[in-house]
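Engineer:
Residue numbers (this note's numbering): 940 to 1174.
(1) DSSP three-state call for residue 943: helix, strand or coil?
(2) For residue 1176, is the classification buried or exposed, using 16 other Cβ atoms within 10 angstroms of its Cβ as the cut-off for buried?
(3) Could you tell me whether the Cβ atoms of residue 1174 and residue 986 are closer together than 9 angstroms?
(4) Taking Cβ to Cβ, would you say residue 1091 is nearer than 9 angstroms to residue 983?
(5) Report the residue from 1113, 1156, 1076 whose alpha carbon sits nearest the alpha carbon of residue 1128.
(6) So what's residue 1174 in DSSP terms, helix, strand or just coil?
(7) Looking only at its own chain, which residues have a Cβ that is under 7 angstroms from the Cβ of residue 1055, when we skip the five neighbours before and after it?
(8) According to the Cβ coordinates, are residue 1145 and residue 1126 closer than 9 angstroms?
(9) If we ignore side chains and look at the alpha-carbon of each, how far apart do residue 945 and residue 958 end up?
(10) Are there 16 or more other CB atoms within 10 angstroms of the CB of residue 1077, so buried, or fewer, so exposed?
(11) What number of angstroms, rounded off, separates the C-alpha of residue 1169 from the C-alpha of residue 1098?
(12) Which class does residue 1165 belong to by DSSP, given the choice of helix, strand or coil?
(13) Closest to residue 1072 by CA distance: which of 1079, 1086, 1082 is it?
(14) I need the straight-line Cα distance from residue 989 to residue 1012, nearest angstrom please.
(15) Go ahead and label residue 1095 buried or exposed: buried means 16 or more other beta carbons lie within 10 angstroms of its beta carbon, across all protein chains shown.
(16) Which same chain residues end up closer than 6 angstroms to residue 1022 when comparing Cβ atoms and leaving out the 5 residues on each side of it in sequence?
(17) In chain order, what residues of the same chain lie with their CB nearer than 6 angstroms to the CB of residue 1154, ignoring the 5 residues before and after it?
(18) Throw me the rounded Cβ distance for the residue 1142 and residue 1131 pair, which I believe falls under 8 angstroms.
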């Protein structure tokens, strides 16, 4: 009898262990399935996402516009004034900031601009290979599959996918700057569908940096509003 029980327990353990994914493709496919991105993203031509943000500097509103395959416009406002913006017109990426004495930066072009813009794509995993990114499955950490992505510039980051739910729960990146290296962790929570799409979007993103925590909460999305090229002009 003991031998039978042991055999059953062993079989259960082996079966559960055998179900672990062994490639980044499997992890990503599961994510695209549970979020319903794979089934619904192809019908979306443009998207507007509105967030409220809280940081050590106060409360702000963020509006992000996308036109697919990918143009991108993000603006951060506080008290009706634009604090920061990033625009990608399909070829060039330009960034402006009203903080401090930040002078206008020269727009990024080529692969550097494309890579940065694609990382903001809410459907990034759907087409990452065709956009010059690669993915590698790292050793599992607890309940998380860890996928390391690399862009065409050689920059990497890690995304953590929950092995129980399939959702992406965390993202981590180490960045280099003139002031040295720093790490950023983003916790991703509360996936849900909004009016206009069956896709499950993460509602809360909590970003931890050396400057403190920034919490972003998705308030609304607008799908297929007919955004125009002028919405993505670099001025």
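Using N, Cα and C, we set each Cβ at its ideal position, and we do this for glycine too. The structure displayed is predicted, hence computed values, not measured ones.
Structural biologist: Once the coordinates are examined:
(1) Bear in mind that a pLDDT of 42 at residue 943, under 50, signals an unreliable position, so the model cannot answer this.
(2) No answer is possible for residue 1176: it lies beyond the span of the chain, which begins at 940 and ends at 1174.
(3) no
(4) no
(5) 1156
(6) coil
(7) 1032, 1047
(8) yes
(9) With a pLDDT of only 41 at residue 945, under 50, the local geometry of the prediction cannot be trusted, and the value read off the model is given with reservation. C-alpha separation (whole angstroms): 20 angstroms.
(10) exposed
(11) 33 angstroms
(12) coil
(13) 1086
(14) 12 angstroms
(15) exposed
(16) 1015, 1037
(17) 993, 1145
(18) 6 angstroms
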